[in-house]
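Contents: one structure, followed by commentary.
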Amino acid sequence: MLATRYEGSVAQLLHGHGYDADHSVTNDAVRSGGWERCPGGGCNYAGTSASVRNHRAKAAH
Numbered sequence: 491m492l493a494t495r496y497e498g499s500v501a502q503l504l505h506g507h508g509y510d511a512d513h514s515v516t517n518d519a520v521r522s523g524g525w526e527r528c529p530g531g532g533c534n535y536a537g538t539s540a541s542v543r544n545h546r547a548k549a550a551h
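Position in the sequence shown (from 1) plus 490 gives the number in this note's numbering.
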């Protein structure tokens with residue numbers, strides 16, 4: 491389906507579902523509780539709990 495409907499493009503898939511520069515899939519993931527933001531000051535990283543833990547360990551914050 492991705493290949494035929496969206497020409498193999500994840501960006502086209504997201505756009506087809508209403509996501510764009512003003513409507514972020516990342517913000518929706520955080521809002522829904524599936525993802526979280528890094529609490530490090532000034533850091534904009536977002537991901538699953540495990541991903542944020544790994545990020546914080548590597549970024550030392």
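From the three backbone atoms N, C-alpha and C, an ideal C-beta is built for every residue, glycine too.
Per the coordinates, the alpha-carbon of H545 lies some 33 Å from the alpha-carbon of M491.
DSSP places A547 within a helical segment (H, G or I) once states are collapsed to three. DSSP places H507 in the coil class of the three-state scheme, outside both helix and strand. D518: member of the alpha helix (DSSP H) spanning 515-522, first to last residue. When the Cα atoms are used, C533 and Q502 turn out to be separated by approximately 28 Å.
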